[in-house]
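Novice: Residues in the sequence shown are numbered from 4 upward in steps of one, following our numbering.
Dropping a structure here in structure tokens format, bear with me for questions.
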Amino acid sequence: SIVPVLKRRSMSFDNDGSKFIIDGNRMYIPSEVIEAVLAQMTTTHSLDSLMRALRQTRALEATDGNAHPIEVHNSVGEHQRLYLYDVSAEILDADVLYRLHNIASEAFLLGEGEVPKTDFLAILRDAEGRVAGKQICYTDEENGHSYVTGQSGWGKTYLLCQLLAKCFGLGHRVVVFDSSDSFTYEALCRNLSRRFVDANVTIHDLDRDGIPVDLFRIDRIASLPTQKRQLLGILQAGIGELSAPQSNALRTVLSKVITELDGNGRITCDSIINKLNGIDKEFFTPETMKDYLEPLLDELEACDFELSALNECDRHNCRTILRRLNGGGKNEGEATLNSLLNRVEPLFEDIEACGMADRSWGELLGSSNNIVVIRTSSAYTESGNQLIDMLLATLYNCQHDNPQVALDVFVDELQNQNFSATSPIRKVMKEGRKIHLSFFGATQDFYPRNTELGSVMGKAGTQIFLRPTPNSANVVAAELRFSKAEMERFDSMMRGDIIVKANLFNKELGRNVPTTLSGHVDDYPKIPPNYYGNVL
Numbered sequence: 004s005i006v007p008v009l010k011r012r013s014m015s016f017d018n019d020g021s022k023f024i025i026d027g028n029r030m031y032i033p034s035e036v037i038e039a040v041l042a043q044m045t046t047t048h049s050l051d052s053l054m055r056a057l058r059q060t061r062a063l064e065a066t067d068g069n070a071h072p073i074e075v076h077n078s079v080g081e082h083q084r085l086y087l088y089d090v091s092a093e094i095l096d097a098d099v100l101y102r103l104h105n106i107a108s109e110a111f112l113l114g115e116g117e118v119p120k121t122d123f124l125a126i127l128r129d130a131e132g133r134v135a136g137k138q139i140c141y142t143d144e145e146n147g148h149s150y151v152t153g154q155s156g157w158g159k160t161y162l163l164c165q166l167l168a169k170c171f172g173l174g175h176r177v178v179v180f181d182s183s184d185s186f187t188y189e190a191l192c193r194n195l196s197r198r199f200v201d202a203n204v205t206i207h208d209l210d211r212d213g214i215p216v217d218l219f220r221i222d223r224i225a226s227l228p229t230q231k232r233q234l235l236g237i238l239q240a241g242i243g244e245l246s247a248p249q250s251n252a253l254r255t256v257l258s259k260v261i262t263e264l265d266g267n268g269r270i271t272c273d274s275i276i277n278k279l280n281g282i283d284k285e286f287f288t289p290e291t292m293k294d295y296l297e298p299l300l301d302e303l304e305a306c307d308f309e310l311s312a313l314n315e316c317d318r319h320n321c322r323t324i325l326r327r328l329n330g331g332g333k334n335e336g337e338a339t340l341n342s343l344l345n346r347v348e349p350l351f352e353d354i355e356a357c358g359m360a361d362r363s364w365g366e367l368l369g370s371s372n373n374i375v376v377i378r379t380s381s382a383y384t385e386s387g388n389q390l391i392d393m394l395l396a397t398l399y400n401c402q403h404d405n406p407q408v409a410l411d412v413f414v415d416e417l418q419n420q421n422f423s424a425t426s427p428i429r430k431v432m433k434e435g436r437k438i439h440l441s442f443f444g445a446t447q448d449f450y451p452r453n454t455e456l457g458s459v460m461g462k463a464g465t466q467i468f469l470r471p472t473p474n475s476a477n478v479v480a481a482e483l484r485f486s487k488a489e490m491e492r493f494d495s496m497m498r499g500d501i502i503v504k505a506n507l508f509n510k511e512l513g514r515n516v517p518t519t520l521s522g523h524v525d526d527y528p529k530i531p532p533n534y535y536g537n538v539l
């Protein structure tokens, strides 16, 4: 008989004695509603006694007697100044408060018989045990990427563990890159169960076991330009953006490495370094410039480009080449090669120190359990993150060629990765849905969209917020379009409480619909240690 109304910009409110307004953690209640509440109370029947109790507990805000004026418009557009009781919603039970914050969410909260039978990823659960989540839509190529943020110690890693187990339960392959000790064997057992981890998880420690795949494995059947693009993308994932001269010189080196390789040979760190060192000071003279030009011209011819179709950057590169042919740029060429060596050698030293297996991602995934965790030591963070970027680049290539089984990739402490224009994460976020590849990234702070990381992860179709850090509370509020009053909800969030902004399954419409919900992390079913039946 009493209806809550969420305060929104340009909202209308008719004071008919049966409604009150919710604004964040504040309730604006007409006197008629207060009287209806008093009629149901067993020990307090006096309005003065109720107001006195609310004042003593500091739950009442009053500027005019016991009331607080509020400006609204009614349903016919007339301006009104109402004097309502301003009471903190914190005096309510947690389940009632949750329902008030999710007034418009009933269509997204599913009881046991309302959950879709297939391809449904449950994300949150409410106080009544109902779940909300999204139906995975492969045919619609829906954005399946997720961005998880929240303070350390408030359940971020636990949430990621539940999500990766659920993705596995949907029949997906799952690859986890861990440089933060979030997914050790002990942590996984604690957040899931030992029986589940033993049956379904394979852990590769880069320091102990080496790199589990050949980072330089490319499609040897493809054309030379395609092979160079693949190899260049893998190297750029590790060393970052290259200048135009560096990129052109590296293309030339890779062309030589690939063409001189026999059918059974492997591309190695040494083969690339040797070619870089083998180009002497005369590399940029007119006599040897043919070797430099031919790869670029081959690519232009393969792509059927006309010179006039080149963009300004490429025309600048051509002019630079012509200037070198006329006798200039020898020192510049040497500097380019030296700068390449300075960037490549430290990375290759780390690769050689780890060791690298002679197998592809397809061979690794085919021989491992469906959840593969690749860990790097926290003391090995910088080079470890470069290796993660290179592994992600090669994993993308594998999924591109084998998209039949969906693949989900998880990376915690995402801020340490490469987000440059040619980074693998950008490529995955932009093109992953076409090949059934979804990315789950997590950071403690929520990065605004005008930052490099924020511009990439802001494109995630699902954003999950645990209790925000003080540094990012305002940015999270802006993303959720929370008012200043609604921001108070962050302070009441407990460990495992989440706010989800995503396309979630609406039972009334039978499809995913944009919404924002709050609740608690939905747990993946635990396997008891003494259970000896079939292990999922």
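For glycine and all other residues, C-beta sits at the position ideal for the given N, C-alpha and C.
Given a cut-off of 8 Å, decide if V216 and W364 are closer than it, judged by their beta-carbon atoms.
Specialist: For the purposes of this step, residue 364 is taken as the residue at position 361 of the sequence shown. For the purposes of this step, residue 216 is taken as the residue at position 213 of the sequence shown. In this structure, V216 lies closer than 8 Å to W364 by Cβ.
Novice: Of the choices M497, A225, L343, F123, whose alpha-carbon is the least far from that of K278?
Specialist: Here residue 278 corresponds to residue number 275 of the sequence shown, with the count starting at 1. Nearest of M497, A225, L343, F123 to K278, Cα basis: L343.
Novice: In three-state terms, what does DSSP make of T45?
Specialist: By one-based count along the sequence shown, residue 45 stands at place 42. Note: T45 maps to coil in three-state DSSP.
Novice: Helix, strand or coil, according to DSSP, for D181 in the structure here?
Specialist: Numbered from its first residue, the sequence shown carries residue 181 at position 178. Three-state result, D181: strand.
Novice: Kindly provide the ranges of any beta strand (DSSP E) runs that are 3 or more residues long and lie completely inside the region 181–247, ordered along the chain.
Specialist: Listed in chain order, the complete beta strand (DSSP E) runs (minimum 3 residues) inside the region 181–247 are 204–208.
Novice: Checking 8 Å against the spacing of the C-beta atoms, do I126 and V412 come in under that value?
Specialist: Residue 126 sits at position 123 when you count from the first residue of the sequence shown. Residue 412 sits at position 409 when you count from the first residue of the sequence shown. In this structure, V412 does not lie closer than 8 Å to I126 by Cβ.
Novice: So, does the region 149–157 touch the region 447–467, judging by three or more C-beta pairs under 8 Å?
Specialist: Yes, the region 149–157 touches the region 447–467.
Novice: Using 8 Å as the threshold, is the region 449–462 in touch with the region 255–265, meaning 3 or more CB pairs across them?
Specialist: With a cut-off of 8 Å, the region 255–265 and the region 449–462 do not count as touching, because too few Cβ pairs lie within range.
Novice: Counting Cβ pairs closer than 8 Å, one from the region 153–168 and one from the region 185–197, do we hit at least three?
Specialist: Counting Cβ pairs under 8 Å, three or more are found: they touch.
Novice: Go ahead and pull the three-state DSSP assignment for Q138.
Specialist: As a working note, residue 138 is residue 135 in the sequence shown. In the structure shown, Q138 sits in a strand (DSSP, three-state: E or B).
Novice: Measure from the alpha carbon of Q154 to the alpha carbon of each residue in M496, R211, F219, then state which is nearest.
Specialist: Translated into the one-based positions of the sequence shown, residue 154 becomes position 151. Taking only the C-alpha atoms, the option nearest Q154 is M496.
Novice: So, do the region 63–79 and the region 475–492 have three or more beta carbon pairs nearer to each other than 8 Å?
Specialist: No, because fewer than three Cβ pairs between the region 63–79 and the region 475–492 fall closer than 8 Å, the two stretches do not touch.
Novice: Identify, in the order they occur along the chain, each residue of the same chain with its Cβ nearer than 6 Å to the Cβ of G236, setting aside the five sequence neighbours on each side.
Specialist: Here residue 236 corresponds to residue number 233 of the sequence shown, with the count starting at 1. Same-chain partners within the cutoff: A396.
Novice: Looking only at its own chain, which residues have a Cβ that is under 6 Å from the Cβ of S458, when we skip the five neighbours before and after it?
Specialist: Numbered from 1 along the sequence shown, position 455 holds the residue referred to as residue 458. Answer for S458: R452, listed in chain order.
Novice: With 16 other CB atoms within 10 Å as the buried threshold, where does D19 fall?
Specialist: Taking the first residue of the sequence shown as 1, we reach residue 19 at position 16. Counting Cβ neighbours within 10 Å, D19 comes out exposed, since fewer than 16 surround it.
Novice: In the structure shown, what three-state DSSP assignment does R346 receive?
Specialist: If you number the sequence shown from 1, residue 346 lands on position 343. Looking at R346 - three-state DSSP - the assignment turns out to be helix.
Novice: Do you know whose CA, among K22, F16, Y31, S183, lies nearest N419's CA?
Specialist: Here residue 419 corresponds to residue number 416 of the sequence shown, with the count starting at 1. The residue with the shortest Cα to Cα distance from N419 is S183.
Novice: According to DSSP, is G522 helix, strand or coil?
Specialist: In the sequence shown, residue 522 corresponds to position 519, counting from 1. Strand.
Novice: Report all residues from its chain with a CB closer than 7 Å to the CB of L112; omit the five preceding and five following residues, and keep chain order.
Specialist: For the purposes of this step, residue 112 is taken as the residue at position 109 of the sequence shown. Around L112: D129, R133, A135.
Novice: If I follow the unbroken alpha helix (DSSP H) through I276, where does it start and stop?
Specialist: Walking along the sequence shown from the start, residue 276 turns up at place 273. Looking at the DSSP string, the run of the alpha helix (DSSP H) that includes I276 is 272–281.
Novice: If I measure Cβ to Cβ from E489 and keep anything under 6 Å in the same chain, skipping five residues before and after, which residues do I get?
Specialist: The residue labelled residue 489 in the question sits at position 486 within the sequence shown. G27.
Novice: Round the Cβ separation of R470 and F493 to the nearest angstrom and send it over; I've been treating them as touching at under 8 Å.
Specialist: Indexing the sequence shown from 1 puts residue 470 at position 467. Indexing the sequence shown from 1 puts residue 493 at position 490. About 6 Å; that satisfies the 8 Å criterion.
Novice: For A409 versus H175, is the C-beta spacing smaller than 8 Å?
Specialist: Here residue 409 is taken as the residue at index 406 of the sequence shown, counted from 1. Here residue 175 is taken as the residue at index 172 of the sequence shown, counted from 1. Going by C-beta atoms, A409 is nearer than 8 Å to H175.
Novice: So, using beta-carbon positions, are M393 and L218 closer together than 8 Å?
Specialist: Numbered from its first residue, the sequence shown carries residue 393 at position 390. Numbered from its first residue, the sequence shown carries residue 218 at position 215. Result yes, Cβ atoms of M393 and L218 sit closer than 8 Å.
Novice: If you follow the beta strand (DSSP E) that E74 is part of, which residue opens it and which one closes it?
Specialist: Stepping through the sequence shown from its first residue, residue 74 is reached at position 71. Per DSSP, E74 belongs to the beta strand (DSSP E) from 71–76.
Novice: Need the endpoints of the alpha helix (DSSP H) that I428 sits in, please.
Specialist: Reading the sequence shown from its first residue, position 425 is the one you call residue 428. Residues 427–434.
Novice: Taking the beta strand (DSSP E) that R102 falls in, what are its first and last residues?
Specialist: Position 99 of the sequence shown holds residue 102. Counting along the chain, R102 falls outside any beta strand (DSSP E), though it belongs to the alpha helix (DSSP H) covering 97–104.
Novice: If you follow the beta strand (DSSP E) that D26 is part of, which residue opens it and which one closes it?
Specialist: Position 23 of the sequence shown, counted from the first residue, corresponds to residue 26. Note, D26: beta strand (DSSP E), 22–26.
Novice: Could you work out which residue in Q389, K437, Q402 is closest to L423 when comparing CA atoms only?
Specialist: Taking the first residue of the sequence shown as position 1, residue 423 is located at position 420. The displayed chain sequence assigns Ser, not Leu, to residue 423. Ranking Q389, K437, Q402 by Cα distance to S423 puts Q389 first.
Novice: Quick one: grab the DSSP three-state call for I126.
Specialist: Within the sequence shown, numbered from 1, the residue matching residue 126 stands at position 123. Strand, per DSSP.
Novice: Is the shortest distance between the beta-carbon of A252 and the beta-carbons of chain D less than 8 Å?
Specialist: In summary, chain D is missing from the structure at hand, where a single protein chain is found.
Novice: Taking all protein chains shown into account, do 16 or more other C-beta atoms lie within 10 angstroms of the C-beta of G522, making it buried, or fewer, making it exposed?
Specialist: Here the question's residue 522 lines up with position 519 in the sequence shown. Answer is buried; the Cβ neighbour count reaches 16.
Novice: Quick one: give me the first and last residue of the beta strand (DSSP E) that V8 is part of.
Specialist: As a position in the sequence shown, residue 8 is number 5, starting the count at 1. It spans 6–9 - the beta strand (DSSP E) in which V8 sits, taken as one unbroken run.
Novice: V36 and I73: beta carbons closer than 8 Å?
Specialist: To locate residue 36, count along the sequence shown from 1; it is residue 33. To locate residue 73, count along the sequence shown from 1; it is residue 70. Not in contact: V36 and I73 (Cβ atoms no closer than 8 Å).
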